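Residue numbers (the numbering used here): 491 to 742. Quick reminder that beta carbons are idealized off the backbone N, C-alpha and C, glycines included. As the structure is a computational prediction, the values presented were derived from the model and not from experiment.
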């Protein structure tokens, strides 16, 4: 695939993200405008729960989804608090919920917390909305633990498994992508994959799409099955479409 075709495909798979602590309404307006690029719309925007309604209004009629985060970024154990957070986000119009699993408990061997939280959150999400589960793989930091977390999330009903919050030292890596995509392939279930954090260039996008093709086949990666979580990579993708060599902006 040539660089322009690759860049355009990556744009269509992007969850354009603003989870900055200083985010405000003006930043959401800017984010939603950027999501409607000259080379096609991104798949979604991903915002704090308090901005879901604002983003929905900004994106009305575009077909761009609004994703939001729950139990984020700490990955705590409060199942019912997270369920309540999810219900509120759905009521505000969220199309997709990105749930941080209770990874601290998972690392400590108390894995039932993760399964229970995923099941309970999934139960309050309408069938036409998606649940993405964030494993925080850089903190799990062990191939077997990552594989186990991916398997638990898939079996508990996640629609996507996602690497990271983008808020820790190590986020998406090719090695982690291999582990998670292998888990999806072995499950035989229609579960998507989302590398998030550290995706900053056309080359990064190509790397993850190549890994997805290795495990899932050449035609597998669509916006229904594959997303990039990033804030800055869109600039690099647009530059590639314009025949320029540019680095992504700073950020998630």
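- From the listed residues 504, 515, 711 and 647, the smallest Cα separation to residue 722 is found for 504.
- In this structure, residue 608 places its C-beta atom within 7 Å of the C-beta atom of residue 643.
- Ranking 650, 666 and 698 by CA distance to the CA of residue 677 puts 650 first.
- Inside the region 659-732, DSSP marks whole alpha helix (DSSP H) runs of 4 or more residues at positions 664-677, 692-706 and 723-731, from first to last along the chain.
- Pairing residue 617 with residue 586 gives a Cβ-Cβ distance that is not under 7 Å.
- For residue 683 and residue 652, the gap between their C-alpha atoms comes out near 6 Å.
- The Cβ atoms of residue 647 and residue 612 sit closer than 7 Å to each other.
- Looking from the CA of residue 671, the closest CA among 638, 660 and 689 belongs to 638.
- Around the CB of residue 547, fewer than 16 other CB atoms lie within 10 Å, so the residue is classed as exposed.
- Residue 570 has its alpha-carbon roughly 21 Å from the corresponding atom of residue 599.
- By the Cβ test, the region 516-524 is not in contact with the region 493-501, since fewer than three Cβ pairs between them sit closer than 8 Å.
- The alpha-carbon of residue 663 is positioned some 12 Å away from that of residue 718.
- Residue 511 and residue 544 do not touch by the CB rule: their CB atoms are close to 17 Å apart, not below 8 Å.
- Counting only the Cα atoms, residue 595 lies some 26 Å from residue 679.
- About 19 Å separates the beta carbon of residue 531 from that of residue 517, a gap too long to meet the 8 Å contact definition.
- In terms of Cα proximity to residue 583, the closest of 687, 632, 541 and 602 is 541.
- The beta carbons of residue 660 and residue 628 sit closer together than 7 Å.
- In the DSSP assignment, residue 534 falls within the beta strand (DSSP E) that extends over 534-537.
- In the displayed model, residue 518 falls within a helix according to three-state DSSP.
- Excluding its 5 nearest sequence neighbours in each direction, residue 631 has C-beta neighbours in its own chain below 8 Å: 660, listed in chain order.
- In summary, residue 491 is exposed, with fewer than 16 beta-carbon neighbours lying within 10 Å of its beta-carbon over all protein chains present.
- Closest by C-alpha distance to residue 658, out of 716, 593 and 697, is 593.
- Between residue 591 and residue 623, the CB-CB gap stays under 7 Å.
- The straight-line gap separating the alpha-carbon atoms of residue 668 and residue 716 is approximately 14 Å.
- Spatial neighbours of residue 694 in its own chain (CB-CB distance under 8 Å, excluding positions within 5 residues in sequence) are listed in chain order as 688 and 723.
- In this model, residue 588 and residue 554 are separated by some 16 Å (Cα to Cα).
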